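What follows is a set of notes on a single structure, which appears directly below.
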DNA sequence: ACTTTGTTTCAGAATTTTCTGAAAGTTATG
DNA sequence: CATAACTTTCAGAAAATTCTGAAACAAAGT
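Protein chains in written order, with this note's numbering: chain A, 428 to 593; chain B, 428 to 593.
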């Protein structure tokens, strides 16, 4: 396989993976392109490469920077912004986990706390509270696990991975 | 909070969470409704409750049954199918993980194997291979971890959770 | 073998998400 | 301070996803 073909395939595949993971397709493709590009790229180069509009490139780059998956780099003597990707996969996963925990898990926990207090003492209300409590305790455990994961460094991941495996 | 209000809130919230997780909104809402309903429900009851069409209810119920998140139950003397949810949260997570591993992670691993073999010995090709190899090894580790998780039972989860925490 | 009850399918409609392109905004430079 | 280089914003367009309703299908009862 030719290098160009390999690059295109990887970008395409990463885009698909991303869209299944709450990162939109283009956002993931930009990330993929930056991952496999050793030097920093300008918005213009990204646009041209992925055949997307300037507006689209700009919005998704900003989101990537917000998520901490891409860094803005200023080159001396250049007015343009350049972008490079975070290339440590472990860091990438942690950052995505942090975003999604905040955006998705935390709101659910809040709702669970609220609905756990429904009034009524009928059998129906009891059943409802029972299952809500179970989901709640599971979610809290997931929340704490994510906290650990988000704070942990790469070595921790490796060692937990080893523990899991045995 | 009234029971009815609590139920509605939970269904709504679970729908939102689901749609962020590759399970479509309605599918997650049906699952939520079944979770908080002690007895099995018919397609008709689900339709009425969530105000969705029969076609929609049918398609999403089938998907839930495929995923193993909901079971079809036949009641003696009834021609209708009835549905109950898998209520063990740990099992729910495992089943979702299994589906997503197959649908998302495995195709990416395949592509990574392919593109890892690009020809060319320039510095560009070397850099490309280097990052691909890193992503590959990370993904393989994730793949194996997921296998362990999918096979494991609830006690394993608890004990790994404890290990992670210390 | 007809009717009734229930399920499945799927084309087009509705909705949601993402993208474009042009205009407005910002900052550096002569 | 005028112009050029670049970035940001956002309304409407385009694309992708999900939903509906009606028709086809299936199975059981009479």
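Backbone N, C-alpha and C fix where the C-beta goes; we use that ideal spot for every residue, glycine too. These figures come from a predicted structure and were not determined experimentally.
In this structure residue 550 of chain B is exposed. Its beta-carbon is surrounded by fewer than 16 other beta-carbon atoms within 10 angstroms. Assignment of alpha helix (DSSP H) within the segment 551-583 of chain A, counting only whole runs of 4 or more residues, yields no such run.
In the displayed model, residue 497 of chain B falls within a strand according to three-state DSSP. Under the 8 angstroms criterion on CB atoms, residue 433 of chain B is classed as interfacial with respect to chain A. Exclusion of the five residues before and after residue 539 of chain A leaves 559, 562, 563, 566 as the residues of its chain whose Cβ lies within less than 7 angstroms of its Cβ. If you look at residue 475 of chain B, you'll find it isn't in any beta strand (DSSP E); it sits in the alpha helix (DSSP H) that goes 470-477.
Taking each of B:467, B:464, B:477, B:465 in turn and checking the Cα distance to residue 454 of chain B, the smallest one comes out for B:477.
Taken in chain order, the unbroken stretches of alpha helix (DSSP H) that lie wholly in the segment 520-554 of chain A and span 4 residues or more are 533-542. Rounded to the nearest whole angstrom, the CA to CA distance from residue 464 of chain A to residue 457 of chain A is 11 angstroms. When the Cα atoms are used, residue 498 of chain A and residue 467 of chain A turn out to be separated by approximately 9 angstroms.
Counting the other CB atoms within 10 Å of its CB gives residue 445 of chain A a total of 16 or more, which places it among the buried residues. Under the DSSP definition of a beta bridge, residue 515 of chain B lacks any partner.
Among the bridge pairs identified by DSSP, residue 510 of chain B is matched with B:468, B:499.
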